[in-house]
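Single-structure report; data block below.
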Amino acid sequence: MTAAVHASFDALLAGRGGHLHRDDGVVVAMDPGRWYEAADRSDGWLLDRCAGPAIDLGCGPGRLVAALADRGVPALGVDHSPVARMLCRRRGAPMVRRDVFDPLPGEGAWAHVLLVDGNIGVGGDPVRLLARAGALLAPGGTVLVETGSSPGEWWCGTARTCADGTLGDPLPWACVGAEALRAVAPDAGLRVGSTSTADESAAGRCFAELVAA
Numbered sequence: 308m309t310a311a312v313h314a315s316f317d318a319l320l321a322g323r324g325g326h327l328h329r330d331d332g333v334v335v336a337m338d339p340g341r342w343y344e345a346a347d348r349s350d351g352w353l354l355d356r357c358a359g360p361a362i363d364l365g366c367g368p369g370r371l372v373a374a375l376a377d378r379g380v381p382a383l384g385v386d387h388s389p390v391a392r393m394l395c396r397r398r399g400a401p402m403v404r405r406d407v408f409d410p411l412p413g414e415g416a417w418a419h420v421l422l423v424d425g426n427i428g429v430g431g432d433p434v435r436l437l438a439r440a441g442a443l444l445a446p447g448g449t450v451l452v453e454t455g456s457s458p459g460e461w462w463c464g465t466a467r468t469c470a471d472g473t474l475g476d477p478l479p480w481a482c483v484g485a486e487a488l489r490a491v492a493p494d495a496g497l498r499v500g501s502t503s504t505a506d507e508s509a510a511g512r513c514f515a516e517l518v519a520a
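Quick note: the sequence shown uses the working numbering, first residue 308, plus one each step.
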C-alpha cells in the first residue's frame with residue numbers, strides 16, 4: 308500500500324469489518340477478517356499460478372505470502388501499514404514496510420506480482436500501478452490481479468473507509484473489472500493472458516493474469 312492508504316486500512320484491520328464508501332455513492336463491503344485467516348479455496352486460482360518468486364503488493368496480514376511459503380514458493384509482502392507489519396511478523400510471513408512505489412527488493416527479478424483484495428484500486432490510477440507491477444517482473448513473469456465482479460466496471464475517484472462507524476479520510480481509489488482491465492492493460496505495457504472462469508471463481512471472486520505486451 309501507499310503511505311496515504313495505511314491509516315484508514317489500519318482501522319479496518321483493527322475492527323475486522325467495515326465498508327468502503329465511494330464518492331459516487333456506491334458502498335463496498337470489506338471483509339478484513341478474511342485477511343487474517345489462512346488462504347482458502349477462493350485464493351487457489353492465484354496460488355496455483357505462482358511457480359516462482361512472488362511479491363504481494365498490499366499484503367496486509369500476509370496470508371498469501373504465508374500460503375506460498377507453505378508451498379515452497381519464495382514470497383515477500385509489501386505494505387506501508389505498521390499493523391500489517393506486526394501481523395506478518397506474528398504469522399512468520401516475510402515483508403517490507405514500504406510504499407509500493409518506493410524502491411523494492413528484487414526489482415526486475417520477480418516471477419509474479421500479486422494485486423489482490425482490491426489492491427488494484429490503490430492510488431486511484433490502475434494504469435500507473437500496473438506499470439509499477441510490470442517493472443518488478445523478470446522476463447516471462449506475470450501480474451496476478453483480483454478484479455471487480457462486474458467485467459466492464461471502470462471507476463476512479465475517491466473513497467473513504469468506514470470502520471466501527473467512523474469514516475476515514477478520502478483516498479484516491481479505483482475499481483476495475485476484467486474486461487475493463489483488458490482494455491487498459493496495454494497502456495501499462497501489459498496484456499491479459501487469461502481470466503478465471505465462473506467455475507474457477509470461488510466465493511464470487513474474479514482474477515486475471517497479465518503478461519508483458
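Just so you know, even glycine gets a beta-carbon here, dropped at the ideal spot from N, CA and C.
Note that this is a predicted model, so its numbers are computed, not measured.
Taken through DSSP and simplified to helix, strand or coil, Ser501 comes out as strand. Straight across, the Cα-Cα distance linking Arg396 with Asp377 is about 15 Å.
Assigned with DSSP and collapsed to three states, Asp363 falls in strand. Shown here, Leu478 sits in a strand according to DSSP, grouped into three states. Residue burial annotation: Ala466 is buried, with at least 16 other C-beta atoms found within 10 angstroms of its C-beta. Per the C-alpha coordinates, the member of Phe408, Cys366, Ala374 positioned closest to Asp355 is Ala374.
In the DSSP annotation of this structure, the continuous segment of the alpha helix (DSSP H) that includes Val491 starts and ends at 485-491. Spatial neighbours of Ala487 in its own chain (CB-CB distance under 7 Å, excluding positions within 5 residues in sequence) are listed in chain order as Gly459, Glu460, Trp461.
The C-alpha of Phe316 lies about 23 Å from the C-alpha of Leu353. Setting aside the 5 residues that flank it on each side, Pro477 is surrounded in the same chain by Thr465, Arg467, each with a C-beta closer than 6 Å to its C-beta; the list follows chain order. Across the set Ile427, Ala361, Val380, the C-alpha of Ile427 shows the shortest separation from the C-alpha of Cys463. Distance from the CA of Thr473 to the CA of Val334, rounded to the nearest whole angstrom, comes to 14 Å. Non-local beta-carbon contacts of Ala438 in its own chain, meaning distances under 7 Å to residues more than five positions away in sequence, involve Ala495, Gly496 in chain order. Judged by DSSP in its simplified three-state form, Leu517 adopts strand. Spanning the alpha carbons of Asp338 and Gly365 requires a straight line of approximately 15 Å. DSSP places Cys463 inside the beta strand (DSSP E), whose first and last residues are 461-470. Its chain contains Pro368 as the residues whose beta carbon lies nearer than 6 Å to that of Leu394, once the 5 sequence neighbours on both sides are disregarded; these appear in chain order. Our two residues, Trp417 and Gly332, have alpha carbons roughly 38 Å apart in a direct line. Buried is the label assigned to Arg370, since at least 16 other Cβ atoms lie within 10 Å of its Cβ. For Pro433, the uninterrupted alpha helix (DSSP H) run begins and ends at 433-442, by DSSP.
For Ala391, the enclosing alpha helix (DSSP H) has its first and last residue at 389-398.
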